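J.:
There are 2 protein chains.
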Amino acid sequence: MSSENPTNEPRPRVLIIGGGFAGIECASRLATASVDITLADRHNYHLFQPLLYQVATAVLSPADIAAPIRRLLRNQQNVRVVLAELLGVDLQKRRANLQQVKVPYDYLVLATGATHSYFGHEEWAASAPGLKTVEDALEIRRRVLLAYEAAEWEADAEARRAKLTFVVIGGGPTGVELAGALKEIASQTIPKDFRHIDTTTAQVILIEAGPRLLAAMPEKLGLRALQDLEQMGVQVRLNSMVTEITEGLVSIGSEKLLAENIVWAAGVRGSEVAVTLDCELDRQGRVLVESDLSLPGHPEVFVVGDLANLTDLHTGHPVPGVAPAAIQMGRHVANLIRADLANLVDGEHAPRKAFHYRDKGSMSTIGRNRAVASLGGRQFGGFFAWLIWGVVHIIPLIGFRNKLSVIFSWLWSYFSLSKNARLITGRPKMKVKRVRGVDENNQA
Amino acid sequence: MSSENPTNEPRPRVLIIGGGFAGIECASRLATASVDITLADRHNYHLFQPLLYQVATAVLSPADIAAPIRRLLRNQQNVRVVLAELLGVDLQKRRANLQQVKVPYDYLVLATGATHSYFGHEEWAASAPGLKTVEDALEIRRRVLLAYEAAEWEADAEARRAKLTFVVIGGGPTGVELAGALKEIASQTIPKDFRHIDTTTAQVILIEAGPRLLAAMPEKLGLRALQDLEQMGVQVRLNSMVTEITEGLVSIGSEKLLAENIVWAAGVRGSEVAVTLDCELDRQGRVLVESDLSLPGHPEVFVVGDLANLTDLHTGHPVPGVAPAAIQMGRHVANLIRADLANLVDGEHAPRKAFHYRDKGSMSTIGRNRAVASLGGRQFGGFFAWLIWGVVHIIPLIGFRNKLSVIFSWLWSYFSLSKNARLITGRPKMKVKRVRGVDENNQA
């Protein structure tokens, strides 16, 4: 490293917290800058989150959509990678308190993303896991697969129906994708695997508090998604506010749904670290950043990705919490830091460019050959949208170096309908109840 | 099912416990028999155990070497699959007590395999995990990868050396394969991923109590494996009996090895269920079966695979605990049951054929292009043995229907030296200690 720094002056230290889309993009874009970068994440991998629901529904394996951060950045000499959680930031001393060590910085980029929000009902989390991490996805996969195993042995019809009822709460992209995939497992992937139960009778119920699905996309596409899901056999409940969740029971006001499999896809909030920053947060716990993505009063600290709340000055719209926005934010901050270093006069920063989100479109997949997409002002659905969805979501995996492997897994499972990812691993959190089994009824 | 049973007489019930090589083979070979089969396993997948060490060393992912049992048997109409643990067997009433239900049987096939044996030192298990299940493999993978992460931040030289010391106990095939793979990770796969540590200095120590490696194979091959491992940089310690293991410390008599990563590959014993059978067991807790693989005094109960201890009448040698022997045993029992059903007279079984193990050879891989093999009376090593090893271990995966995907993963990681399976997932069992980090020393 010293070869690039012949004057031996200390180089500015850039500390990036979070190896998601924003953090990785920011680090990569600083590859040729004369800075020393530290990138810390609590996991050793970057996760391609848009495909996480496919791990939860046993189509892909974790290694298909995650890549070690060290490997992604192994050829970039000015970055070092740390596996550590951020405990807090000392903004005055410009030091971040990581799990093992305090790290001083000249620039800090916070890209720690979002986590689930249960809107003040954190007790719902145990009965209705959310889907943000690999562990979440494996837990949901385990619950879904165990539900069929348990139903196969359940002699009581009502109990069996509850085991085969899957409730997804939240009609955004994650909820729509999960509901579609859960229905496909039941109706296409596994019917032949079971002898006692008819898996095609499994119910998938998608509950949305608002009046339509995919609220962030054009109305036409929300309608199309609704039609497609209903045609697949998913029961969609709009204008339905979940008021209570307990183990095996979802309440919508006075209505009770018996369902042993509940997944939460309704709300997100900024990750924990935001509250330690002593700055203004929005209702979802995200940081209200300046137009250049910096923390108010701290031009050396940036907040990017899902943790940032910014209203785009050009459009007047809030920047959405999606992967392309995170990537653009990471790139913007890298450019600002480079401009700073080129123009720094007496410690004063050069005037900063405001961040502008270039919306190239949005899309959401619904089933094995359906999706909805909004691209370049045009909206469409069906197989063509799905094909575009596939291309758009697999191209970025090229950076993972295992693109061919993912494409292969994906095409294979698409054409064969047969998935090895359908493994129940880890110690199940669900208790196994002793039921009056079919054998005792029929044969004993 | 009733269509195949026009007389409506109850068909004999065959209960197979265990979906390993022996259990799956036995069930498949009974596909056309007029029996009702139940196959129970505590996991929902069949595991291709010979490649498990590649999951532990982050080359393959669990889904590459495991396939749902239901899927493997989905087209076989006379079998049903149960996800359940066996709690015990009532030999008199001919009922097996599964976790959820009691299952009556006419034939019982016990194929529950083996687990680790710590030779009476079960307290060693926490410090030195063994490698028998997918969870074991993921735990070892997590520990190995975390060791490098921790070493990267460790400022103290001696502590760093301990973190980068990997001890494998047991010089059988699993130990030899693990030691070779651990050395390859350190020397070839990850050196560029780390900045502070030189991973090629990581020590891998293979400890064997006996005078040679691969004791079950011809002596020449044990020597060849020793040479190959030493050439790769593995320290092999023969005639070294481990006397004590505590967290981070292995004792060989008075000699102490500081090592934070210890893997146990030294001993196996029959699985728990054997002790409940009230029959004679050998020192490794395996069932001493009759020559036809039946339980003494119970011709309707068979014990197959790693759980059985049998001396082959033809050869006078004990049948080894390897996959080909398990498969042959499963097939033998299926044939005996078919013969029984054809010849059953007044409840008397026809005379039974003794089991004979056809040894087609054995082999063990050592590194990315080395192996040793003993086939058809000839012994050889090197690249050619490795090529044969590859073919022999991938062909059987054809039954998994994802053979192409595994071949692809495997070739990919072979040629690219770059592995996405290198993920640290799950909640680590290791505690993270706060160390005096490099930053505080160098910069604060």
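Chains as they are written, first to last, in my numbering: chain A, 25 to 468; chain B, 25 to 468.
Backbone N, C-alpha and C define an ideal beta-carbon position, used for all residues, glycine too.
Just so we're clear, the structure is a prediction, and the values are computed from it rather than from any experiment.
In terms of residues, what are the limits of the beta strand (DSSP E) holding B:K280?
T.: For this step, residue 280 of chain B is matched to residue 256 along the second sequence. That run of the beta strand (DSSP E) goes E279 to L282.
J.: Give the list of continuous beta strand (DSSP E) stretches no shorter than 3 residues that lie fully inside the stretch 361-411 of chain B.
T.: 386-391, 394-399 and 402-405
J.: What are the boundary residues of the beta strand (DSSP E) that B:V200 is part of?
T.: Here residue 200 of chain B is taken as the residue at index 176 of the second sequence, counted from 1. Per DSSP, B:V200 belongs to no beta strand (DSSP E); it is in the alpha helix (DSSP H), P197 to E208.
J.: What residues in its chain sit with their C-beta under 7 Å from that of B:A186, if we drop five residues either side in the sequence?
T.: In the second sequence, the residue the question calls residue 186 of chain B occupies position 162. Only G272, L282, A283 and E284 meet the Cβ criterion.
J.: Quick check on B:Q123: does DSSP put it in helix, strand or coil?
T.: If you number the second sequence from 1, residue 123 of chain B lands on position 99. Of the three classes helix, strand and coil, the one that applies to B:Q123 here is coil, per DSSP.
J.: Going by alpha carbons, who is nearest to A:S388 out of A:G340, A:P197 and A:G321?
T.: In the first sequence, the residue the question calls residue 388 of chain A occupies position 364. It is A:P197 whose Cα lies nearest to the Cα of A:S388.
J.: Got a sec? Which residues, its chain only, sit under 6 Å from A:V258 by beta carbon, not counting five neighbours each side?
T.: Along the first sequence, read from residue 1 onward, the residue named residue 258 of chain A stands at position 234. Excluding residues within five positions, the ones whose Cβ falls inside 6 Å are A203, K207, V228 and L230.
J.: Under 8 Å, Cβ to Cβ, is there at least one residue of chain A near B:K427?
T.: Reading the second sequence from its first residue, position 403 is the one you call residue 427 of chain B. Residue confidence is low: B:K427 scores 49 on pLDDT, short of 50, so the model does not pin down where it sits. No coordinate-derived value is stated.
J.: On the DSSP bridge assignment, give the partners of B:I269 in chain order.
T.: Locating residue 269 of chain B in the second sequence gives position 245, where the first residue counts as 1. According to DSSP, which records beta bridges pairwise, B:I269 is partnered with B:V274.
J.: Assign B:R479 to one of two classes, buried (16 or more other C-beta atoms within 10 Å of its C-beta) or exposed (fewer than that).
T.: Any question about residue 479 of chain B goes unanswered here, given that chain B covers just 25 to 468.
J.: Give the residues of chain B in contact with A:R446, contact being defined as C-beta atoms less than 9 Å apart.
T.: Working through the first sequence from its first residue, we reach residue 446 of chain A at position 422. Those are N68, Y69, A87, A91, P92, R94 and R95, listed as they occur along chain B.
J.: Do A:L71 and A:Q78 count as a contact pair if the criterion is CB distance below 8 Å?
T.: As a first step, residue 78 of chain A is located in the first sequence; it is residue number 54 there, counting from the start. As a first step, residue 71 of chain A is located in the first sequence; it is residue number 47 there, counting from the start. No. Outside cutoff.
J.: How would you call B:A358, buried or exposed, if buried means at least 16 neighbouring beta carbons within 10 angstroms?
T.: The count along the second sequence starts at 1 and reaches residue 358 of chain B at position 334. Buried, because 16 or more other Cβ atoms sit within 10 Å of the Cβ of B:A358.
J.: May I ask you to verify whether the stretch 53-63 of chain B touches the stretch 326-337 of chain B, counting CB pairs closer than 8 Å and requiring at least 3?
T.: no
J.: Measuring only the C-alpha atoms, how far is B:G321 from B:R118?
T.: Stepping through the second sequence from its first residue, residue 321 of chain B is reached at position 297. Stepping through the second sequence from its first residue, residue 118 of chain B is reached at position 94. Here the C-alpha atom of B:G321 lies approximately 13 Å from the C-alpha atom of B:R118.
J.: Start and end of the alpha helix (DSSP H) containing B:L177?
T.: Taking the first residue of the second sequence as 1, we reach residue 177 of chain B at position 153. In the sequence as presented, Leu is not what sits at residue 177 of chain B; that position holds Trp. Counting along the chain, the alpha helix (DSSP H) containing B:W177 begins and ends at V158 to W177.
J.: For the alpha helix (DSSP H) containing A:D252, name the first residue and the last one.
T.: The sequence position of residue 252 of chain A within the first sequence is 228, counting from 1. Segment E243 to M256, the alpha helix (DSSP H) holding A:D252.
J.: Cβ atoms of A:L122 and A:V132: under 8 Å apart, would you say?
T.: Here residue 132 of chain A refers to the residue found at position 108 when the first sequence is read from its first residue. Here residue 122 of chain A refers to the residue found at position 98 when the first sequence is read from its first residue. With the sequence shown as reference, residue 132 of chain A is identified as Leu, and Val is not the correct amino acid for it. No, they are not a contact pair.
J.: Could you tell me how far apart the beta carbons of A:Y129 and A:L39 are, in whole angstroms, since I believe they sit closer than 8 Å?
T.: As a position in the first sequence, residue 129 of chain A is number 105, starting the count at 1. As a position in the first sequence, residue 39 of chain A is number 15, starting the count at 1. Right, their Cβ atoms sit about 4 Å apart.
J.: Would you say A:W410 lies against chain B (beta-carbon separation less than 8 Å)?
T.: In the first sequence, residue 410 of chain A corresponds to position 386, counting from 1. A:W410 does not count as touching chain B.
J.: Express the C-alpha separation of B:E49 and B:G469 in angstroms, rounding to a whole number.
T.: Here chain B covers residues 25 to 468 and nothing more, so residue 469 of chain B does not appear.
J.: Compute the distance between the beta-carbons of B:A290 and B:G194, then report whether it is under 8 Å.
T.: The residue you call residue 290 of chain B lines up with position 266 of the second sequence. The residue you call residue 194 of chain B lines up with position 170 of the second sequence. Yes. Within cutoff.
J.: Thinking C-beta only, is A:G43 closer than 8 Å to A:I89?
T.: Your numbering for residue 89 of chain A matches position 65 in the first sequence. Your numbering for residue 43 of chain A matches position 19 in the first sequence. No, the pair does not count as a contact, with Cβ atoms beyond the cut-off.
J.: Flag A:E314 as yes if its beta-carbon sits less than 8 Å from any beta-carbon of chain B, otherwise no.
T.: The residue labelled residue 314 of chain A in the question sits at position 290 within the first sequence. Not closer than 8 Å to any Cβ of chain B, the Cβ of A:E314 fails to qualify, so no.
J.: Considering only the alpha carbon of each residue, which of B:I412, B:A363, B:H338 and B:V297 lies closest to B:V332?
T.: Counting from one through the second sequence, the residue named residue 332 of chain B turns up at place 308. It is Ala, not Val, that sits at residue 332 of chain B in the sequence shown. For the residues B:I412, B:A363, B:H338 and B:V297, the minimum Cα distance to B:A332 belongs to B:V297.
J.: What does the alpha-carbon distance come out to for the pair A:G385 and B:G47?
T.: Position 361 of the first sequence holds residue 385 of chain A. Position 23 of the second sequence holds residue 47 of chain B. So the two alpha carbons sit approximately 52 Å from each other.
J.: Please identify, using Cβ separations under 9 Å, the residues of the stretch 116-131 of chain B that lie next to chain A, in order along the chain.
T.: Taking 9 Å as the Cβ-Cβ cut-off against chain A, the residues of the stretch 116-131 of chain B that qualify are R119, L122, Q123, Q124, V125, K126, V127 and P128.
J.: Note down, in chain order, each residue of its chain lying with its Cβ closer than 6 Å to the Cβ of A:V396, except the 5 sequence neighbours on either side.
T.: By one-based count along the first sequence, residue 396 of chain A stands at place 372. Cβ within range, chain order: L245, R248, A249, S388, G405 and A409.
J.: Excluding five sequence neighbours on each side, which residues of the same chain lie with their C-beta closer than 7 Å to the C-beta of B:G277?
T.: Working through the second sequence from its first residue, we reach residue 277 of chain B at position 253. Cβ neighbours of B:G277 beyond the five flanking positions: T267.
J.: For a contact defined as C-beta to C-beta under 9 Å, what are the partners of B:W177 on chain A?
T.: The sequence position of residue 177 of chain B within the second sequence is 153, counting from 1. Going along chain A in sequence order, the residues near B:W177 (Cβ under 9 Å) are V106, L107, A108, Q124 and V125.
J.: In or out: A:L134 buried (at least 16 other Cβ within 10 Å) or exposed?
T.: Numbered from its first residue, the first sequence carries residue 134 of chain A at position 110. It counts as buried.
J.: How would you label B:Q73, buried or exposed, when you count the other beta carbons within 10 angstroms and need 16 or more for buried?
T.: Against the second sequence, residue 73 of chain B aligns to sequence position 49. By the 10 Å Cβ count, B:Q73 comes out buried.
J.: Using three-state DSSP, classify B:H356 as helix, strand or coil.
T.: Reading the second sequence from its first residue, position 332 is the one you call residue 356 of chain B. Three-state DSSP puts B:H356 in a helix.
J.: Work out the CA separation of A:T62 and A:S295 for me, nearest whole Å.
T.: Stepping through the first sequence from its first residue, residue 295 of chain A is reached at position 271. Stepping through the first sequence from its first residue, residue 62 of chain A is reached at position 38. Cα to Cα, A:S295 sits roughly 20 Å from A:T62.
J.: Who does B:I41 pair with in a DSSP beta bridge?
T.: By one-based count along the second sequence, residue 41 of chain B stands at place 17. Partner(s): B:A64 and B:L134.
J.: Would A:A149 count as contacting chain B if we go by Cβ distances under 8 Å?
T.: Position 125 of the first sequence, counting from 1, holds the residue named residue 149 of chain A. Output row for A:A149: interface = no.
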